[in-house]
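Enquirer: Before I ask anything, let me first share the structure, which is written out below as C-alpha coordinates.
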Amino acid sequence: MIDRLEKEVDMLERHLQVLRMVIENEPIGIVKMSNETGYPHHKVRYSLRVLEEENLIEPSSQGAITTEQTSEFVDDLDEKIDHIIEKLDDMKIEDVAEIEN
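Counting in the UniProt record's numbering, the sequence shown runs from 1 upward without gaps.
Dropping the structure here:
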(Lines of atoms letter the chains of each structure in order from A and count residues from 1; the text may use other names and numbers.)
(Lines give C-alpha, C1' and ligand atoms only; values in the text may rest on other atoms or scores of the structure.)
Protein backbone atom coordinates (compact mmCIF):
# COMPACT_ATOMS: atom_id res chain seq x y z
CA MET A 1 0.00 0.00 0.00
CA ILE A 2 2.74 2.45 0.95
CA ASP A 3 5.08 1.19 -1.79
CA ARG A 4 3.04 2.87 -4.52
CA LEU A 5 3.13 6.20 -2.68
CA GLU A 6 6.87 5.89 -2.18
CA LYS A 7 7.38 5.28 -5.92
CA GLU A 8 5.23 8.33 -6.75
CA VAL A 9 7.26 10.48 -4.34
CA ASP A 10 10.50 9.26 -5.94
CA MET A 11 9.15 10.12 -9.39
CA LEU A 12 7.97 13.55 -8.21
CA GLU A 13 11.42 14.16 -6.75
CA ARG A 14 12.97 13.38 -10.15
CA HIS A 15 10.50 15.63 -11.99
CA LEU A 16 11.25 18.50 -9.60
CA GLN A 17 15.00 17.96 -9.90
CA VAL A 18 14.68 18.13 -13.69
CA LEU A 19 12.53 21.27 -13.39
CA ARG A 20 15.12 22.85 -11.06
CA MET A 21 17.83 22.14 -13.65
CA VAL A 22 15.77 23.76 -16.39
CA ILE A 23 15.13 26.83 -14.20
CA GLU A 24 18.81 27.19 -13.28
CA ASN A 25 20.37 26.33 -16.66
CA GLU A 26 17.84 27.06 -19.38
CA PRO A 27 18.07 26.18 -22.15
CA ILE A 28 19.33 22.71 -21.25
CA GLY A 29 19.27 19.42 -23.12
CA ILE A 30 18.60 15.83 -22.14
CA VAL A 31 22.21 14.69 -22.35
CA LYS A 32 23.50 17.39 -19.98
CA MET A 33 20.66 16.73 -17.52
CA SER A 34 21.29 13.00 -17.63
CA ASN A 35 25.01 13.45 -17.09
CA GLU A 36 24.55 15.85 -14.17
CA THR A 37 21.75 13.96 -12.39
CA GLY A 38 22.87 10.41 -13.12
CA TYR A 39 19.36 9.55 -14.35
CA PRO A 40 19.18 7.55 -17.60
CA HIS A 41 18.15 9.49 -20.71
CA HIS A 42 14.74 7.80 -20.88
CA LYS A 43 13.86 8.89 -17.33
CA VAL A 44 14.93 12.48 -18.01
CA ARG A 45 12.93 12.42 -21.25
CA TYR A 46 9.85 11.16 -19.37
CA SER A 47 10.20 13.88 -16.71
CA LEU A 48 10.54 16.51 -19.42
CA ARG A 49 7.39 15.21 -21.11
CA VAL A 50 5.44 15.33 -17.83
CA LEU A 51 6.68 18.86 -17.13
CA GLU A 52 5.78 19.91 -20.68
CA GLU A 53 2.27 18.44 -20.32
CA GLU A 54 1.88 20.52 -17.14
CA ASN A 55 3.00 23.62 -19.12
CA LEU A 56 5.97 24.13 -16.80
CA ILE A 57 8.58 23.83 -19.56
CA GLU A 58 8.65 23.93 -23.32
CA PRO A 59 11.11 22.67 -25.90
CA SER A 60 13.33 25.01 -27.88
CA SER A 61 16.03 24.38 -30.46
CA GLN A 62 18.62 24.88 -27.70
CA GLY A 63 16.92 22.64 -25.11
CA ALA A 64 14.17 22.86 -22.50
CA ILE A 65 13.12 26.30 -21.22
CA THR A 66 10.64 27.53 -18.60
CA THR A 67 7.19 28.94 -19.36
CA GLU A 68 5.12 31.75 -17.89
CA GLN A 69 3.46 29.23 -15.52
CA THR A 70 6.75 28.02 -14.03
CA SER A 71 7.27 30.79 -11.48
CA GLU A 72 3.69 30.57 -10.18
CA PHE A 73 4.06 26.79 -9.76
CA VAL A 74 7.35 27.24 -7.89
CA ASP A 75 5.83 29.94 -5.67
CA ASP A 76 3.01 27.57 -4.61
CA LEU A 77 5.12 24.41 -4.38
CA ASP A 78 6.40 24.68 -0.80
CA GLU A 79 2.92 25.37 0.55
CA LYS A 80 1.48 22.38 -1.31
CA ILE A 81 4.26 20.09 -0.07
CA ASP A 82 3.77 21.34 3.50
CA HIS A 83 0.04 20.57 3.22
CA ILE A 84 0.77 17.02 2.04
CA ILE A 85 3.27 16.53 4.87
CA GLU A 86 0.60 17.59 7.38
CA LYS A 87 -1.85 15.08 5.90
CA LEU A 88 0.72 12.31 6.07
CA ASP A 89 1.58 13.21 9.68
CA ASP A 90 -2.11 12.96 10.57
CA MET A 91 -2.19 9.42 9.13
CA LYS A 92 0.46 8.10 11.51
CA ILE A 93 -0.58 5.47 14.01
CA GLU A 94 1.38 6.69 17.00
CA ASP A 95 0.59 4.34 19.85
CA VAL A 96 0.12 0.66 19.08
CA ALA A 97 -0.90 0.01 22.72
CA GLU A 98 -4.06 2.06 22.21
CA ILE A 99 -5.06 -0.12 19.24
CA GLU A 100 -4.50 -3.35 21.12
CA ASN A 101 -6.90 -2.36 23.94
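We put the beta carbon where it would ideally sit given N, CA and C, even for glycine. Computed from a prediction, not measured in an experiment: that's the story for all the values here.
With a CB to CB cut of under 7 Å and the five nearest residues on each side skipped, what residues in its chain are close to Ile85?
Expert: Within the sequence shown, numbered from 1, the residue matching residue 85 stands at position 85. Closer than 7 Å at Cβ, skipping near neighbours: no residue.
Enquirer: For Leu12, tell me which candidate among Ser71, Glu24, Val50 and Ser61 has the shortest Cα-Cα distance.
Expert: Sequence index remark: in the sequence shown, residue 12 carries index 12 (1-based). Checking every option, the nearest Cα to that of Leu12 belongs to Val50.
Enquirer: What's the gap between the Cα of Tyr39 and the Cα of Gln17?
Expert: Here residue 39 corresponds to residue number 39 of the sequence shown, with the count starting at 1. Here residue 17 corresponds to residue number 17 of the sequence shown, with the count starting at 1. The alpha-carbon atoms of Tyr39 and Gln17 are separated by roughly 10 Å.
Enquirer: Excluding the 5 residues preceding and the 5 following Thr67 in the sequence, name in chain order all residues of the same chain whose CB lies nearer than 8 Å to its CB.
Expert: Sequence index remark: in the sequence shown, residue 67 carries index 67 (1-based). Counting only Cβ-Cβ distances below 8 Å, and skipping sequence neighbours, we find Asn55, Leu56, Ile57 and Glu58.
Enquirer: Using DSSP with H/G/I as helix, E/B as strand and the rest coil, what is Ile57?
Expert: The sequence position of residue 57 within the sequence shown is 57, counting from 1. Strand, per DSSP.
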